[in-house]
Each structure stands twice: as C-alpha cells, then as structure tokens.
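Undergrad:
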Amino acid sequence: MITALRKGLVDGLRVVVAGARSLDDVPHDVYLADLAPAAAAAADGGFDEVPYLECLEPVLELAGGAPSWVVDVSRTHRGDRGGVGQAHLSVLIAVGAPPAAGGSVPDLTPVMRSAFSRMVAQFAPAPPVALARPDALDAAVAAVGHAYPDVDPGRLSLTDEEHHADQGQWSFGLSAPGATRFRVLLGLVPGLPGSAHVHRMPLGEVVDSVGP
Numbered sequence: 021m022i023t024a025l026r027k028g029l030v031d032g033l034r035v036v037v038a039g040a041r042s043l044d045d046v047p048h049d050v051y052l053a054d055l056a057p058a059a060a061a062a063a064d065g066g067f068d069e070v071p072y073l074e075c076l077e078p079v080l081e082l083a084g085g086a087p088s089w090v091v092d093v094s095r096t097h098r099g100d101r102g103g104v105g106q107a108h109l110s111v112l113i114a115v116g117a118p119p120a121a122g123g124s125v126p127d128l129t130p131v132m133r134s135a136f137s138r139m140v141a142q143f144a145p146a147p148p149v150a151l152a153r154p155d156a157l158d159a160a161v162a163a164v165g166h167a168y169p170d171v172d173p174g175r176l177s178l179t180d181e182e183h184h185a186d187q188g189q190w191s192f193g194l195s196a197p198g199a200t201r202f203r204v205l206l207g208l209v210p211g212l213p214g215s216a217h218v219h220r221m222p223l224g225e226v227v228d229s230v231g232p
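Start counting the sequence shown at 21; every next residue gets the next number (this note's numbering).
1) Could I get the ranges of all uninterrupted beta strand (DSSP E) runs contained in the segment 149-186, with 3 residues as the minimum, in chain order?
2) Can you list, in chain order, the residues of its chain with a C-beta nearer than 6 Å to that of Ala60? Leave out the 5 residues immediately preceding and following it.
3) Measure the Cβ-Cβ separation of Ala38 and Leu151 and say whether it is below 8 Å.
4) Could you name the residues that DSSP lists as bridge partners for Tyr51?
5) Using 8 Å as the threshold, is the C-beta distance between Arg201 and Ser195 below it?
6) In the DSSP output, what is Ala196 paired with across the bridge?
7) Would you identify the three-state DSSP class for Ser42, choosing helix, strand or coil?
8) When DSSP labels each residue in this structure, what does Leu29 get in the three-state scheme?
9) Let's test the definition: count the other Cβ atoms within 10 Å of the Cβ of Arg220 and tell me whether it reaches 16, buried, or not, exposed.
10) Contact defined as beta carbons within less than 8 Å: I believe Leu82 pairs with Leu128. What is the distance between those atoms, to the nearest angstrom?
11) If we ignore side chains and look at the alpha-carbon of each, how far apart do Leu55 and Thr96 end up?
12) If you compare alpha carbons, which of Gly207, Pro173, His108 is closest to Val36?
13) From Arg34 to Ala167, what distance separates their C-alpha atoms?
14) Rounded to whole angstroms, what is the Cα-Cα separation between Arg41 and Val90?
15) From what residue to what residue does the alpha helix (DSSP H) around Arg133 run?
Here is the structure:
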C-alpha cells in the first residue's frame, strides 16, 4: 500500500476544464473526461500530469497566456484499494467578457474536443461502451453536480433530451430551482461516451442542443 502511494500509482484520472469570464467568476462551460492512465503510468512508475497538460496546451493558449488560467493537480489514495489512487487535473480558464460591440467569448468546445481526443488516443485504450438512457441521464446529472458543487443534483429536473445514436451522443436539458438551467452533452469525444460538456445557461438564454 505504501509503495503504491510513494510511487504515485493511479488507475483513474478525471480531467476538468472550466471556462469563465474571469478567474473569480462562476464557469459558464465545464468539460469533463474520465481516463484510465494506468498503462501510461506504469512506464515511469507513477502518475505524471505533464502529458495531459501538453494535450491541453492549445486550450491554454486560446485563453491568452499565463494570467488567464489556473491549473490544479491532486491525487487521492485509499488504503482499501491497495493504496492505488485517483488523480484529478482541473483547469480554470478566463475567456473574458463578450466584446462591448457585440459578439461572443471564445468557444472552447472545438479545441476541448481535440484535446480530449488526443488524450483518448494516448491514454485510454479501453474499448468504448455505449451508454443506455438511464446511465446517460445519471451521468449528465452527476456531471452537473461535479461541475457546480453548489447545485444539488437531486433537485435537477429533466426538461428535454436528444439521442444521436450514430454519433454516440446524448444531450439533456436540466433545470434547478431558481431558474438555473444546464445543457449537458455526453459523448463529446468519439470513443469516450462519458466525456461531457456542461453549459450553464444564463436567464433568458435559449439553446436547442449542444452538438458537434
């Protein structure tokens, strides 16, 4: 057990990337992916976040440089799992407010899809398993709860849904008391059905779906 802890051995990694207007603001978009880095970790005896950060480098560049992002890396080891841990890599990106003359903030979705795809190709060799509707809905609710800890997942209600079977995607609209609404896309990345994009919608915003 102590050996696994000392070596930093992990068999799971959650990557979370959040986009907000500023580093002190509530994120409006959160991207999540769960990976199994055990094979990669075995090559050097322990978890190393650098290869994953390299995959995210284009995302950090889109944010405009070092003053615009915060990176946090942590590991949790449990004695009842032989000391093998779970790693967590989170990135908060400040994308700025919409221009005064109109327009929108940078859309992180294409570059995030590309970054997660690179991670899947390198670190997640397990074959994908399609999510049935109950599992997909549970995953969407859990994604909102993880992305926004102040939201009680048990109080979320389903407003609408779409299933794009040919793309391996589910899209759910979820609403919380107080008129906070979320759009959750599962299957953001081909080959990783649980990869998610959670979009927090301001009051008055209408979004039909979040897709490719």
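A virtual CB, placed ideally from N, CA and C, is assigned to each residue, including glycine.
TA: Quick look at the numbers:
1) Counting only runs of 3 or more, we get 177-184.
2) Sequence index remark: in the sequence shown, residue 60 carries index 40 (1-based). Its pLDDT being 47, under 50, Ala60 is placed unreliably in this model, and the coordinates cannot settle the point.
3) Reading the sequence shown from its first residue, position 18 is the one you call residue 38. Reading the sequence shown from its first residue, position 131 is the one you call residue 151. The answer is no: Cβ separation not under 8 Å.
4) What you label residue 51 is simply residue 31 of the sequence shown in a count that begins at 1. By DSSP's assignment, Tyr51 forms a beta bridge with Val37, His217.
5) Position 181 of the sequence shown, counting from 1, holds the residue named residue 201. Position 175 of the sequence shown, counting from 1, holds the residue named residue 195. In this structure, Ser195 lies closer than 8 Å to Arg201 by Cβ.
6) In the sequence shown, residue 196 corresponds to position 176, counting from 1. Ala196 has Thr200 as its beta-bridge partners, per DSSP.
7) Locating residue 42 in the sequence shown gives position 22, where the first residue counts as 1. When DSSP states are grouped into helix, strand and coil, Ser42 belongs to the coil group.
8) As a first step, residue 29 is located in the sequence shown; it is residue number 9 there, counting from the start. Looking at Leu29 - three-state DSSP - the assignment turns out to be coil, as it is neither helix nor strand.
9) The residue given as residue 220 occupies position 200 in the sequence shown. Around the C-beta of Arg220, 16 or more other C-beta atoms lie within 10 Å, and the residue is accordingly described as buried.
10) In the sequence shown, residue 82 corresponds to position 62, counting from 1. In the sequence shown, residue 128 corresponds to position 108, counting from 1. Your pair Leu82 and Leu128 checks out as a contact, with CB atoms roughly 7 Å apart and the cut at 8 Å.
11) For this step, residue 55 is matched to residue 35 along the sequence shown. For this step, residue 96 is matched to residue 76 along the sequence shown. Counting only the Cα atoms, Thr96 lies some 15 Å from Leu55.
12) Position 16 of the sequence shown, counting from 1, holds the residue named residue 36. Closest option to Val36, Cα to Cα, is His108.
13) Counting from 1 along the sequence shown, the entry for residue 34 is found at position 14. Counting from 1 along the sequence shown, the entry for residue 167 is found at position 147. Approximately 12 Å between the Cα atoms of the pair.
14) Residue numbering aside, residue 41 sits at position 21 when the sequence shown is read from its first letter. Residue numbering aside, residue 90 sits at position 70 when the sequence shown is read from its first letter. Approximately 13 Å between the Cα atoms of the pair.
15) Mapped onto the sequence shown, residue 133 falls at position 113. According to the DSSP assignment, Arg133 belongs to the alpha helix (DSSP H) that extends over 129-143.
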